[in-house]
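J.: Line order of the protein sequences matches chains A and B.
Using this note's numbering, the first residue of the first sequence is number 1, and each one after it goes up by one.
Using this note's numbering, the first residue of the second sequence is number 1001, and each one after it goes up by one.
Where a beta carbon is used, it is the ideal one built from N, C-alpha and C, also for glycine.
Only a predicted model underlies this, so the values are computations on that prediction, with no experimental measurement involved.
Quick one: the structure is below, questions incoming.
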Amino acid sequence: MKVNELKDKLGLEVLTEGDLNAECTGCYSGDLLSWVMSKAEAGDIWLTVMGNINAVAVSVLCDCACIILTEKAALDDTAKIKAEAQGVTILRSEKNAYQLGVEISKLI
Amino acid sequence: MDSIRLHYLVPGDDFTRAGAASSDVKRTLKELGVAPSVIRNVSIAMYEGEINMVIHAGGGDIDVEITENEIIMTLADKGPGIENLELAMKEGFSTAPDNIRCLGFGAGMGLPNIKKYTDEFRIDTKVGVGTTLHLKVYIQ
Ligand SMILES: Nc1ncnc2c1ncn2[C@@H]1O[C@H](COP(=O)(O)OP(=O)(O)OP(=O)(O)O)[C@@H](O)[C@H]1O
Ligand SMILES: [Mg+2]
C-alpha cells in the first residue's frame, strides 16, 4: 500500500509531504531512537510520539516509508523544516500506537 | 576506483546539526551506486557514533575512506573517555542525562548497534583523553 492510500484509509493529518507514492511494506512502533535504528526495516511505517529533528534523521537512515505521530504528538518547527528538506512524510493521528497497528495490519 | 576521503567536524552539543556527516556519507554512497543494505549499515553506525560524540564527548572528528571493497570510518573525540568499556557495550547501559532521554536517546543501544552494523569494530578509549572508534563495513 502506498503512503497516499494509507493516509486516506486511516484519515491521517498530513504535516509534511515526502514521497507519497512510497510503498509501505511493514510497520514499527517505538520512541527510543537507537532501538528503532536496531529494529525498523526499510519501507516500514514508523509509529512514534517523537516529533523532533532526531526522529527525522532516524527515519531517513532507516528508509522508513513515513512517520505517523500517534496520539496527536507535537512536531517541532526544526523537525518540520528538516523533514521537508529531506523528503520525509510525517502524518498524524489521534489514535494510539496499538489502535493504529491493529488497523494497519488489516491494510498491508 | 580511486578511494574517496571525506572529513567532518562534529560540533559538540548541537543536535540540529548532528547527523549531517552520516547523511552526507549516505548521499555519497548512493551516488556511487553502493547497495542499499550497505548504505544503511554505514549510515546507522555513523549516526550512532556522531550522536555519542555530541552527547558524551563534546564533539569530535570523523574521517571516512571509501574504497572499492570497504568503507572505513574513524570517529575520534577528546571527551572524557569510557571508564568501563565492557559495561558500555551492554545493551541498555547508558549514562545519558534526563534531558537527553527526552529527545529519544539513552536506550543504551548505540554502541551495540554500531557493532551490529559493522564488519570490523574496535574502540580505543582512555579516561581523560578521549575515544576513537575504528569501523569497517565491507562492500560485497
Ligand atoms: N564517545 C564517547 N565518549 C564518552 N563516553 C561514551 C562515548 N560513547 C559512548 N559512551 C558511554 O557509553 C555509554 C553507552 O553508549 P551507547 O551509545 O550504547 O548508549 P547511549 O548513547 O547512552 O544511548 P543510545 O545510543 O541508545 O541513545 C554511554 O551512555 C556513555 O556513558
Ligand atoms: Mg549512543
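Rounding to the nearest angstrom, what Cα-Cα distance links GLU975 of chain B and GLY1108 of chain B in this structure?
T.: Residue 975 of chain B lies beyond the range of chain B shown here (1001 to 1140); nothing can be said about it.
J.: Rounded to the nearest angstrom, what separates ASN4 of chain A and CYS24 of chain A at their Cα positions?
T.: If you number the first sequence from 1, residue 4 of chain A lands on position 4. If you number the first sequence from 1, residue 24 of chain A lands on position 24. Near 10 Å, if we compare the C-alpha coordinates of CYS24 of chain A and ASN4 of chain A.
J.: Are there any heavy atoms of ligand 1 lying less than 7 Å away from the beta-carbon of LEU33 of chain A, as far as the coordinates show?
T.: Residue mapping note: residue 33 of chain A aligns to position 33 of the first sequence, counting from 1. Yes, the beta carbon of LEU33 of chain A sits closer than 7 Å to at least one heavy atom of ligand 1.
J.: Of the residues B:LYS1030, B:ASN1069 and B:ARG1122, which one's Cα is nearest the Cα of ASP1002 of chain B?
T.: Taking the second sequence and counting its residues from 1, one reaches residue 1002 of chain B at position 2. Nearest Cα to ASP1002 of chain B within the set B:LYS1030, B:ASN1069 and B:ARG1122: B:ASN1069.
J.: Report all residues for which the CB-ligand distance to some heavy atom of ligand 2 is below 5 Å; order them along the chain.
T.: B:ASN1052 and B:GLY1110
J.: Let's test the definition: count the other Cβ atoms within 10 Å of the Cβ of VAL58 of chain A and tell me whether it reaches 16, buried, or not, exposed.
T.: Here the question's residue 58 of chain A lines up with position 58 in the first sequence. The residue is buried, with at least 16 neighbouring Cβ atoms inside 10 Å.
J.: Please confirm whether LEU20 of chain A and ARG92 of chain A have their CB atoms less than 8 Å apart.
T.: The count along the first sequence starts at 1 and reaches residue 20 of chain A at position 20. The count along the first sequence starts at 1 and reaches residue 92 of chain A at position 92. One thing to note: LEU20 of chain A has its Cβ no nearer than 8 Å to the Cβ of ARG92 of chain A.
J.: Rounded to whole angstroms, what is the Cα-Cα separation between LEU12 of chain A and ASN1084 of chain B?
T.: The residue given as residue 12 of chain A occupies position 12 in the first sequence. The residue given as residue 1084 of chain B occupies position 84 in the second sequence. Their Cα atoms are separated by approximately 46 Å.
J.: What are the complete beta strand (DSSP E) segments, minimum 3 residues, inside the stretch 1034 to 1077 of chain B?
T.: Entirely contained in the stretch 1034 to 1077 of chain B, the beta strand (DSSP E) runs reaching 3 residues are, in chain order, 1059 to 1066 and 1070 to 1077.
J.: Grab me the residues of VAL49 of chain A's own chain with a C-beta within less than 8 Å of its C-beta, minus the 5 sequence neighbours each way, in chain order.
T.: The residue given as residue 49 of chain A occupies position 49 in the first sequence. Result list for VAL49 of chain A: ASP31, LEU69, THR70, GLU71 and ALA73, in chain order.
J.: Does the distance between the C-beta of SER1094 of chain B and the nearest non-hydrogen atom of ligand 1 fall short of 7 Å?
T.: As a working note, residue 1094 of chain B is residue 94 in the second sequence. Yes, the beta carbon of SER1094 of chain B sits closer than 7 Å to at least one heavy atom of ligand 1.
J.: Which residue marks the beginning of the beta strand (DSSP E) containing GLY1130 of chain B, and which one marks its end?
T.: As a position in the second sequence, residue 1130 of chain B is number 130, starting the count at 1. Counting along the chain, the beta strand (DSSP E) containing GLY1130 of chain B begins and ends at 1130 to 1138.
J.: Closest by CA to ALA1088 of chain B, which one among B:ASN1099, B:LEU1029, B:PRO1112 and B:ALA1076?
T.: The count along the second sequence starts at 1 and reaches residue 1088 of chain B at position 88. Ranking B:ASN1099, B:LEU1029, B:PRO1112 and B:ALA1076 by Cα distance to ALA1088 of chain B puts B:PRO1112 first.
J.: Please report the residue range of the beta strand (DSSP E) in which ASP1119 of chain B lies.
T.: By one-based count along the second sequence, residue 1119 of chain B stands at place 119. It is not in any beta strand (DSSP E) - ASP1119 of chain B carries neither H nor E in the DSSP assignment.
J.: I need the boundaries of the beta strand (DSSP E) containing SER29 of chain A, first residue and last residue.
T.: Sequence index remark: in the first sequence, residue 29 of chain A carries index 29 (1-based). Counting along the chain, SER29 of chain A sits inside the beta strand (DSSP E) bounded by residues 26 to 29.
J.: Pull up the distance between the alpha-carbon of GLU94 of chain A and that of LEU47 of chain A, whole angstroms please.
T.: Residue 94 of chain A sits at position 94 when you count from the first residue of the first sequence. Residue 47 of chain A sits at position 47 when you count from the first residue of the first sequence. One C-alpha to the other measures close to 12 Å.
J.: Assuming GLU1031 of chain B is part of the alpha helix (DSSP H), what are its boundary residues?
T.: Indexing the second sequence from 1 puts residue 1031 of chain B at position 31. Element bounds for GLU1031 of chain B: 1020 to 1031.
J.: So that I know if they touch, is there some Cβ in chain B lying closer than 8 Å to that of ILE53 of chain A?
T.: For the purposes of this step, residue 53 of chain A is taken as the residue at position 53 of the first sequence. Yes - at least one Cβ of chain B is within 8 Å of the one on ILE53 of chain A.
J.: Listing by chain order, which chain B residues have their CB less than 8 Å from the CB of THR112 of chain A?
T.: Outside the shown range of chain A (1 to 108) lies residue 112 of chain A, about which nothing can therefore be said.
J.: For TRP35 of chain A, which residues in chain B fall below 8 Å Cβ to Cβ?
T.: Here residue 35 of chain A refers to the residue found at position 35 of the first sequence. Ordered by position in chain B, the residues that pass the 8 Å Cβ test against TRP35 of chain A are ALA1107 and MET1109.
J.: Quick one: which chain B residues come within Cβ less than 8 Å of ALA85 of chain A?
T.: In the first sequence, the residue the question calls residue 85 of chain A occupies position 85. Scanning chain B for C-beta atoms nearer than 8 Å to the C-beta of ALA85 of chain A yields nothing, as the closest lies near 10 Å away.
J.: Quick check on the DSSP output: the beta strand (DSSP E) that includes LEU1009 of chain B runs from which residue to which?
T.: As a first step, residue 1009 of chain B must be located in the second sequence, where it is residue number 9. Taken as a continuous stretch (DSSP letters only), the beta strand (DSSP E) holding LEU1009 of chain B covers 1004 to 1011.
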